[in-house]
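Worksheet: one structure, shown below.
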Amino acid sequence: MKKRQLAILLSSCLLISSLNPLTVFAGEMDEPSNVSEQDTLDVLLDGDEIENVEIEDNEEIEDNEEIEDNEEIEDNDDTEEYVMSAPESLPNEEQLIDSYEIEKIENTCNDPISLYESEDEGFTQVAQGVPIEFKYDGTTLHFRLQKNAAPTPMPDLKRVAGGIWVREHQAEAQNVTKIVIGEGITALGNHNFEGISNKYFNKVTEVELPSTVNKIGDYTFQRDLALQSIDLSNVTYIGDTALARTGVQDISLSRDKEVSLGDGAFRQCTELRSVTGGNIKLATGAFDLCSKLSSFQCTTKLDEIPEEAFAGTKLTNFDFESVKIIGDGAFSYTKLGTISFKQSDLTIGTNAFTGCNELSAICYPGTKDAWTAISGSAGLASTVTVHCKADQLEAKTPTCTESGLELEDNVCGVCGEHYFTGKVLEPLGHKFSDDYTVDKVATCNEEGEKSKHCENGCGVRDDIQPIPVDKENHDWTSEVTTQPTCTKDGVRTLTCTRCKNVKTEVIPATGVHQWSDWKKTADATVFAAEQQERNCATCDKKETRTVGEKLAATASVNASSVTLKEKQSTGTVKVAGLANGDSITSWKSTNTKVFTVSGKADGTCKLTGVKKGTAKLEITLASGLKKTVTVKVQVKTVKTSKISGLAKKMTVKKGEKTTLKPVITPATSQQKVTYSSSNKKVATVSSKGVITAKKAGTAKITVKSGSKKVTVTVTVPKTKTTAIKVGEKVSVKKGKTYSLKAKTTPSNSDEKITYKTSNKKIATVSKSGKIKGVKKGTATITIKSGKVVKKVKVTVK
Numbered sequence: 004m005k006k007r008q009l010a011i012l013l014s015s016c017l018l019i020s021s022l023n024p025l026t027v028f029a030g031e032m033d034e035p036s037n038v039s040e041q042d043t044l045d046v047l048l049d050g051d052e053i054e055n056v057e058i059e060d061n062e063e064i065e066d067n068e069e070i071e072d073n074e075e076i077e078d079n080d081d082t083e084e085y086v087m088s089a090p091e092s093l094p095n096e097e098q099l100i101d102s103y104e105i106e107k108i109e110n111t112c113n114d115p116i117s118l119y120e121s122e123d124e125g126f127t128q129v130a131q132g133v134p135i136e137f138k139y140d141g142t143t144l145h146f147r148l149q150k151n152a153a154p155t156p157m158p159d160l161k162r163v164a165g166g167i168w169v170r171e172h173q174a175e176a177q178n179v180t181k182i183v184i185g186e187g188i189t190a191l192g193n194h195n196f197e198g199i200s201n202k203y204f205n206k207v208t209e210v211e212l213p214s215t216v217n218k219i220g221d222y223t224f225q226r227d228l229a230l231q232s233i234d235l236s237n238v239t240y241i242g243d244t245a246l247a248r249t250g251v252q253d254i255s256l257s258r259d260k261e262v263s264l265g266d267g268a269f270r271q272c273t274e275l276r277s278v279t280g281g282n283i284k285l286a287t288g289a290f291d292l293c294s295k296l297s298s299f300q301c302t303t304k305l306d307e308i309p310e311e312a313f314a315g316t317k318l319t320n321f322d323f324e325s326v327k328i329i330g331d332g333a334f335s336y337t338k339l340g341t342i343s344f345k346q347s348d349l350t351i352g353t354n355a356f357t358g359c360n361e362l363s364a365i366c367y368p369g370t371k372d373a374w375t376a377i378s379g380s381a382g383l384a385s386t387v388t389v390h391c392k393a394d395q396l397e398a399k400t401p402t403c404t405e406s407g408l409e410l411e412d413n414v415c416g417v418c419g420e421h422y423f424t425g426k427v428l429e430p431l432g433h434k435f436s437d438d439y440t441v442d443k444v445a446t447c448n449e450e451g452e453k454s455k456h457c458e459n460g461c462g463v464r465d466d467i468q469p470i471p472v473d474k475e476n477h478d479w480t481s482e483v484t485t486q487p488t489c490t491k492d493g494v495r496t497l498t499c500t501r502c503k504n505v506k507t508e509v510i511p512a513t514g515v516h517q518w519s520d521w522k523k524t525a526d527a528t529v530f531a532a533e534q535q536e537r538n539c540a541t542c543d544k545k546e547t548r549t550v551g552e553k554l555a556a557t558a559s560v561n562a563s564s565v566t567l568k569e570k571q572s573t574g575t576v577k578v579a580g581l582a583n584g585d586s587i588t589s590w591k592s593t594n595t596k597v598f599t600v601s602g603k604a605d606g607t608c609k610l611t612g613v614k615k616g617t618a619k620l621e622i623t624l625a626s627g628l629k630k631t632v633t634v635k636v637q638v639k640t641v642k643t644s645k646i647s648g649l650a651k652k653m654t655v656k657k658g659e660k661t662t663l664k665p666v667i668t669p670a671t672s673q674q675k676v677t678y679s680s681s682n683k684k685v686a687t688v689s690s691k692g693v694i695t696a697k698k699a700g701t702a703k704i705t706v707k708s709g710s711k712k713v714t715v716t717v718t719v720p721k722t723k724t725t726a727i728k729v730g731e732k733v734s735v736k737k738g739k740t741y742s743l744k745a746k747t748t749p750s751n752s753d754e755k756i757t758y759k760t761s762n763k764k765i766a767t768v769s770k771s772g773k774i775k776g777v778k779k780g781t782a783t784i785t786i787k788s789g790k791v792v793k794k795v796k797v798t799v800k
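Its first residue numbered 4, the sequence shown is counted upward by one per residue in this note's numbering.
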């Protein structure tokens with residue numbers, strides 16, 4: 004080894020011993036004594052490419068030096084746009100060695116180079132001071148956060164070979180198919196898994212990201228050609244060419260967070276078909292050369308499309324609603340068919356639409372002049388039609404002296420609206436008629452005028468001639484000075500507005516009365532039909548008429564027969580339903596020795612049994628209508644034969660009342676009506692038949708009269724809680740108690756109130772709602788009644 008090489012190597016060893024591992028990003032080395040010159044420089048420069056660095060006698064150190072087990076780390080991909088630039092020069096030996104003596108340097112290099120120790124389960128720390136470790140498990144590469152470590156990002160690299168997971172595991176890195184990132188890792192660093200020369204990570208098809216990863220650095224997965232599966236829904240930043248030239252097909256970005264893309268983030272992803280997201284911030288060449296990309300859905304409207312953002316994609320349509328800036332080549336060589344711009348203040352970059360051979364129509368809200376100013380260098384084909392909506396042409400017919408405009412109808416291929424282009428028509432010139440037209444009629448006090456008019460309707464006249472005064476041509480105005488009536492003539496006065504001559508005309512009497520509407524003066528009765536009347540508003544003449552027929556006599560008696568005991572009186576017989584105008588004129592017993600009657604005009608009466616027998620009650624109306632009732636008088640007590648008018652079942656809410664109204668047959672029964680309840684705890688009934696609901700359940704109410712009885716089943720449903728009223732917060736001192744006073748709505752609810760604490764170590768609660776503070780803290784008391792739940796926050800001080 005030549006002297007100059009030795010100096011640099013020894014200086015490198017010295018620097019390694021003092022550098023921070025986060026800067027070096029080197030892995031642990033089992034045999035420090037085998038570290039080569041190239042290894043030392045790689046660690047020192049953290050993976051920067053070194054080209055033709057002369058050490059001495061033009062000896063070169065290149066990227067393809069053997070690192071370990073004769074494995075090569077290269078970055079010679081032939082895609083020019085992705086090659087990273089090499090450092091301009093290395094520090095000279097004086098800068099490296101500084102003031103250290105050669106002996107000190109030798110002592111430093113003889114010491115073991117301590118990098119990073121392996122963890123349990125085969126995991127190795129990625130770098131000293133970085134609490135992240137990795138392990139290869141077959142073809143799967145795992146990364147995880149060390150136990151009890153705070154969330155941490157993966158370290159940035161200057162090239163993929165700078166990562167210990169590649170440098171010391173080259174064979175595994177070439178065959179790995181899946182990468183799993185553990186929870187707590189917040190970001191992936193630059194170059195972490197970059198594909199190199201069909202060598203490292205070229206077989207990776209799947210990457211599992213935790214919800215904690217929100218950033219992917221620059222070049223992280225660049226050229227991982229086989230990568231298809233990666234969930235980016237939690238990532239908010241994707242760096243420059245981070246996923247360029249991967250095999251991803253459908254990308255779904257966060258819908259509720261802003262996602263920023265770096266330059267060329269997905270450039271040349273030739274299998275990418277669709278992209279969806281919420282608020283996407285594009286960058287230069289973000290989807291450049293994604294030749295299968297046909298769908299881009301972003302819920303937040305974009306206002307700027309950077310340079311070459313979608314160049315070479317398969318997009319057939321795009322939402323330009325909010326777009327105001329379109330960068331150079333942004334949509335060049337796409338499959339766009341039509342474009343609908345909504346913003347007139349556009350900026351369109353050079354070649355923005357070059358090569359868009361399928362683009363046929365554009366709809367632009369501004370004027371044609373404005374469009375011409377902004378689209379000159381856009382690269383649009385001459386076959387593209389542009390509908391400038393601010394240009395509104397109107398057809399104009401040519402006149403004798405002015406040209407016209409004939410419109411040609413077109414249909415916008417984007418918005419479907421009709422718009423016009425114009426063709427200029429030459430002026431017509433005057434064409435005067437052969438006949439005169441009276442322009443001004445001669446009147447009683449003024450000459451008229453006539454002329455020959457232009458037949459084109461321009462209003463120009465020729466050969467104007469006067470017309471002599473016409474003394475019979477008055478301009479009369481008419482006014483009715485006396486209105487005619489149905490019997491008298493009226494007068495109309497006419498006055499000439501020009502010469503003021505006056506004349507009068509007779510207005511004949513109308514002979515027609517001005518009748519009012521018919522109004523009812525009397526309702527129809529059993530004796531006469533309805534009467535109506537109307538009056539003439541002019542002469543006060545009056546007319547009357549009869550409408551319809553008189554009413555038929557009607558009446559109904561509530562009983563056809565009555566049974567009485569001797570000397571028993573009853574007022575149960577009633578007459579109702581009399582027609583208008585009718586009245587009861589008499590109540591008569593056909594045999595007063597059997598019964599007597601005392602009746603009233605209101606349809607009620609009093610019958611009194613005298614002696615055993617049968618007679619008729621005759622009721623006579625003023626209309627002549629008669630009604631009869633058979634009255635039977637007996638010696639025995641009148642007994643109940645039937646109880647009716649009651650429902651078999653009824654429901655009464657707790658606390659409410661209802662009254663039974665039984666119908667007793669015969670109505671003159673002398674047997675008392677009684678009421679009883681089978682369960683007074685559920686429902687009670689008074690001697691007058693009033694039922695009171697007490698609590699939920701079923702009770703049978705028995706209605707009895709003589710030997711007859713009827714049972715009504717009364718159901719009192721449970722009263723359910725609809726609400727609980729109680730305070731939302733309670734404070735209680737440790738060792739003290741507080742009683743919750745929860746009240747239900749309705750207050751008579753049948754559903755019990757229960758209490759439960761969320762933390763008995765903080766506060767307890769009894770069945771009655773008494774809270775006791777146990778120790779400082781907060782707990783939640785859950786109060787429940789039926790399906791209604793109320794929560795109270797308890798703070799123990």
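We put the beta carbon where it would ideally sit given N, CA and C, even for glycine. Here the structure is a predicted model, which means the values were calculated and not measured.
- Per DSSP, the beta bridge partners of A726 are T748.
- The C-beta of G132 has fewer than 16 other C-beta atoms within 10 Å across all chains shown, which makes the residue exposed.
- When A176, I184, V163, R170 are compared, the shortest CA-CA separation from P156 is found for I184.
- By the neighbour-count criterion, in which a residue is buried when 16 or more other Cβ atoms sit within 10 angstroms of its Cβ, R170 is buried.
- The DSSP assignment places 598 to 602, 608 to 612, 616 to 624, 629 to 637, 645 to 647, 652 to 654, 660 to 662, 666 to 668 as complete runs of the beta strand (DSSP E) inside the region 596 to 670, in order along the chain (cut-off: 3 residues).
- Setting aside the 5 residues that flank it on each side, T279 is surrounded in the same chain by S255, Q300, each with a C-beta closer than 6 angstroms to its C-beta; the list follows chain order.
- In the three-state DSSP reduction, V472 falls in the coil class, being neither helix nor strand.
- Annotation for T623: T588, S589, K629 place their beta carbon closer than 6 angstroms to its own, counting only its chain and skipping 5 residues before and after.
- Residue burial is scored here from C-beta neighbours: D526 has fewer than 16 other C-beta atoms within 10 angstroms and is therefore classed as exposed.
- When F344, A373, A384 are compared, the shortest CA-CA separation from T357 is found for A384.
- When DSSP reads this structure, F146 sits in a beta bridge with F137, I184.
- Measuring C-alpha to C-alpha distances from K707 to each of S519, S644, V719 identifies S644 as the nearest.
- According to the DSSP assignment, N178 belongs to the alpha helix (DSSP H) that extends over 173 to 178.
- In terms of Cα proximity to T718, the closest of D473, G789, D394, V655 is V655.
- When only Cα atoms are considered, K453 and V472 end up about 13 angstroms apart.
- Straight across, the Cα-Cα distance linking P213 with P154 is about 12 angstroms.
- When DSSP assignments are scanned along the region 214 to 284, no uninterrupted stretch of alpha helix (DSSP H) that is 4 or more residues long falls wholly within it.
- The bridge partners DSSP lists for K787 are T757, V792.
- The alpha-carbon of E409 is positioned some 47 angstroms away from that of S277.
- Of all C-beta pairs linking the region 530 to 543 to the region 555 to 566, fewer than three are shorter than 8 angstroms, placing the two stretches out of contact.
- Collapsing the DSSP output to three states places G780 in a strand.
- Taking the C-beta atoms as reference points, L610 is found nearer than 8 angstroms to V576.
- Counting only residues of its own chain and dropping the five nearest sequence neighbours on each side, T513 has a CB closer than 6 angstroms to the CB of P487, C489.
- The Cβ-Cβ distance between F196 and V163 falls below 8 angstroms.
- Classified as buried, N354 has 16 or more neighbouring CB atoms from the shown chains inside 10 Å of its CB.
- Closest option to K775, judged by alpha-carbon separation, among N751, V735, K683: V735.
- Counting along the chain, S378 sits inside the alpha helix (DSSP H) bounded by residues 371 to 378.
- Out of E175, D253, Q252, H194, the CA that lies nearest to the CA of F224 is found in H194.
- DSSP places G125 within a helical segment (H, G or I) once states are collapsed to three.
- V515 counts as exposed, since fewer than 16 other C-beta atoms from the protein chains shown sit within 10 angstroms of its C-beta.
- Per DSSP, V169 is one residue of the alpha helix (DSSP H) stretching across 167 to 170.
- Leaving aside the five residues that flank T189 on each side, the residues in its chain whose CB is nearer than 6 angstroms to its CB run, in chain order, P154, P156, T215.
- Excluding sequence positions up to five before and after P134, its CB lies within less than 7 angstroms of the CB of L148, Q149, A152, T155, all in the same chain and listed in chain order.
- In the DSSP annotation of this structure, E449 is not part of any beta strand (DSSP E), being labelled neither H nor E.
- With at least 16 other beta carbons inside 10 angstroms of its own, V326 counts as buried.
- For A286, the secondary structure class from DSSP, reduced to helix, strand or coil, is coil.
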